[in-house]
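Every letter in the sequence shown is one number past the one before it in the numbering used here, and letter 64, counting from 1, is 67.
Each residue gets a CB set at the ideal place from its N, CA and C atoms; glycine is no exception.
What follows is one structure encoded as structure tokens, with my remarks underneath.
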Amino acid sequence: MSLTKKIIIALILGVIVGIGFTFAPGDVFSITDKYILNPIGQIFLNLIMMMVVPIVFVSIVLGTSGLGDPAKLGKIGVQTITFYLVTTAVALAIGLAVAFVLQPGKAGVFDVSMADYESESAPPIMETIINIIPENPIEAMSTGNMLQIIAFAIFIGIALAVLGEKTKGIQRLFEQANEILIWLVNAIMKTAPYGAFALIASAIGDAGLDAVGSMAMYMVAVTLALILHGAVTYSLAIRGLGKGSPIKFYKEFFPAMSVAFSTSSSSATLPISMKTAQENLGVKKSISSFVQPLGATINMDGTGIMQAVATVFIAQVYDVPLTFTAIIMIILTATLASVGTAGVPGVGLIMLAMVLEQVNLPVEGIALIIGVDRLLDMLRTSLNITGDAACAYIISENEKRKENAEA
Ligand code: ASP
């Protein structure tokens, strides 16, 4: 049986067993989770997280040195960031439109008197930009600071390209390290069906379905906007800009989406999403290794959609009308908030506080959606990494065409 089939079965079984747990008596879930699901899920998660920092570092060094010319890197960088910002803005517009049509905040009775939420302050934007250059690259690696690792790796890659013959030994060392990492990711991927099953059953059993009740319309709105963005925006981009088949894209990229679904973490999924893009979609390594890690850090269309729908939802619950200026503010701040969201579970919700504060909505409203956020996080993370892969695919296809035309 192919790995994709095994993963699909694991996803379905995970959802069924997870829902089953919500009906089972007392301790059945907590004991099974503690001794079976959680250990299996965590071991799988650790296995893939173990690969993230080395893979990002090694593959960006190789990708940058492989591009050869720093100007080419600059051009790809500009294309990547433009794609990321434009698609995020489109995602937010879709999220807002769906929320205005479905009115999830009017679809039930919400008790706001008990709502309580302590927001965490987001770091100032200038500080984030300055800190992209790491003071200490080893610390960046030990703390998993993605943007800093990316910056350091780009510098080393440029130096390798410029020094050429002189550093051939180290270039070779990186190439061999890459072989080892790819071999390991392939091996770990074989355990994905088991890991995914355990993580999904555990997440659903843990979140329970009680919270769903009055939040059903909110969940429908977020899910519908996520599906629309994937089916329309990305499909149009893949067809129009990349001249490829969206159906084939989704079919080939599915294993990575399912791992994102089960881990709810773009960062943790990175080794698998890069491997899937390179091997199944034929994305050039030099492009995938630069575009995808950057995307896993700054491009979160699914998160943006949740933030847009949640903002409208909270405005409706608290009966605060949203002016046109407020809507523009939501698009601007939610774009920044999704850029600032780290690719780990649940951070999108923390960053939502920043959007709410900008448009003077009560941050306590977040308390209403916390209960169902874990479930939606699974879906939005799948879309988050799909956006990165779509961008890598489009840029890679265009590069290939250019090279063929020149040849
Ligand atoms: N879990 C999301 C991700 O890793 C981030 C979020 O929206 O919380 O992509």
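With 16 other Cβ atoms within 10 Å as the buried cut-off, status of residue i
{"i": "P107", "result": "buried"}
{"i": "G77", "result": "exposed"}
{"i": "G172", "result": "exposed"}
{"i": "E402", "result": "buried"}
{"i": "F26", "result": "exposed"}
{"i": "I19", "result": "exposed"}
{"i": "R383", "result": "buried"}
{"i": "T389", "result": "buried"}
{"i": "A408", "result": "exposed"}
{"i": "S265", "result": "buried"}
{"i": "T146", "result": "exposed"}
{"i": "F327", "result": "exposed"}
{"i": "A410", "result": "exposed"}
{"i": "T91", "result": "buried"}
{"i": "S68", "result": "buried"}
{"i": "E282", "result": "exposed"}
{"i": "K278", "result": "buried"}
{"i": "S5", "result": "exposed"}
{"i": "P348", "result": "buried"}
{"i": "V89", "result": "exposed"}
{"i": "T236", "result": "buried"}
{"i": "T85", "result": "exposed"}
{"i": "V93", "result": "buried"}
{"i": "V350", "result": "buried"}
{"i": "D304", "result": "buried"}
{"i": "D380", "result": "buried"}
Alpha-carbon to alpha-carbon, residue j and residue i
{"i": "L239", "j": "I250", "result": "11 Å"}
{"i": "M54", "j": "Q295", "result": "15 Å"}
{"i": "F47", "j": "T194", "result": "7 Å"}
{"i": "I58", "j": "I185", "result": "8 Å"}
{"i": "A199", "j": "I183", "result": "24 Å"}
{"i": "M223", "j": "S276", "result": "The sequence shown places Val at residue 223, not Met. If you take the alpha carbons of V223 and S276, they lie about 27 Å apart."}
{"i": "L229", "j": "A219", "result": "15 Å"}
{"i": "L297", "j": "N189", "result": "22 Å"}
{"i": "S116", "j": "I39", "result": "39 Å"}
{"i": "L352", "j": "K8", "result": "32 Å"}
{"i": "I132", "j": "P140", "result": "16 Å"}
{"i": "L273", "j": "S267", "result": "12 Å"}
{"i": "A329", "j": "V362", "result": "6 Å"}
{"i": "R404", "j": "L244", "result": "12 Å"}
{"i": "V215", "j": "T226", "result": "13 Å"}
{"i": "G44", "j": "G233", "result": "27 Å"}
{"i": "L378", "j": "E130", "result": "32 Å"}
{"i": "G111", "j": "I157", "result": "51 Å"}
{"i": "P324", "j": "D376", "result": "24 Å"}
{"i": "A210", "j": "P28", "result": "15 Å"}
{"i": "Y87", "j": "A299", "result": "11 Å"}
{"i": "L16", "j": "N41", "result": "16 Å"}
Same chain, Cβ closer than 6 Å to residue i, neighbours up to 5 away in sequence not counted
{"i": "Y368", "result": "Here residue 368 turns out to be Gly, not Tyr, going by the sequence shown. Closer than 6 Å at the Cβ level, and outside the excluded window around G368, lie I317."}
{"i": "I159", "result": "V64"}
{"i": "T314", "result": "I333 and V358"}
{"i": "P137", "result": "A143, Q151 and F155"}
{"i": "V342", "result": "I301"}
{"i": "A280", "result": "V286, S291, A392 and A395"}
{"i": "L231", "result": "I97"}
{"i": "L70", "result": "L76 and S289"}
{"i": "L163", "result": "S68, T170 and Q174"}
{"i": "Y221", "result": "P107 and F316"}
{"i": "G374", "result": "A214"}
Contacts around residue i, its chain only, beta-carbon distance under 8 Å, and the 5 residues preceding and following it disregarded
{"i": "G285", "result": "S399"}
{"i": "L212", "result": "I22 and T25"}
{"i": "P196", "result": "L6, K9, I10, I12 and A13"}
{"i": "D30", "result": "none"}
Residues of its chain near residue i, where Cβ-Cβ distance is below 7 Å and the 5 sequence neighbours each way are ignored
{"i": "Y120", "result": "V366, E367, I369 and A370"}
{"i": "F113", "result": "S217, V320 and L371"}
{"i": "V61", "result": "F177, A180, N181 and L184"}
{"i": "A271", "result": "L48, I51, M52 and V55"}
{"i": "I247", "result": "Just to set this straight, residue 247 is Gly in the shown sequence, not Ile. Same-chain partners within the cutoff: I241, Y396 and E400."}
{"i": "G208", "result": "G21, F24, T25, F32 and D36"}
{"i": "I161", "result": "T67 and P73"}
{"i": "A102", "result": "A224, A311, V312, V315 and F316"}
Chain-ordered residues, beta carbon under 6 Å from a heavy atom of the ligand ZN = This structure does not include the ligand ZN; its bound ligands are the ligand ASP.
task = Could you say if the segment 82-102 and the segment 288-308 meet the contact criterion of at least three C-beta pairs nearer than 8 Å?
result = yes
task = Evaluate contact between the segment 330-344 and the segment 252-268, counting only Cβ atoms and requiring at least three cross-stretch pairs below 8 Å.
result = no
inquiry  = Below 8 Å, how does it come out for the segment 202-211 and the segment 350-366: are there three or more Cβ pairs, yes or no?
reply    = no
ask   = Counting Cβ pairs closer than 8 Å, one from the segment 77-93 and one from the segment 162-172, do we hit at least three?
value = no
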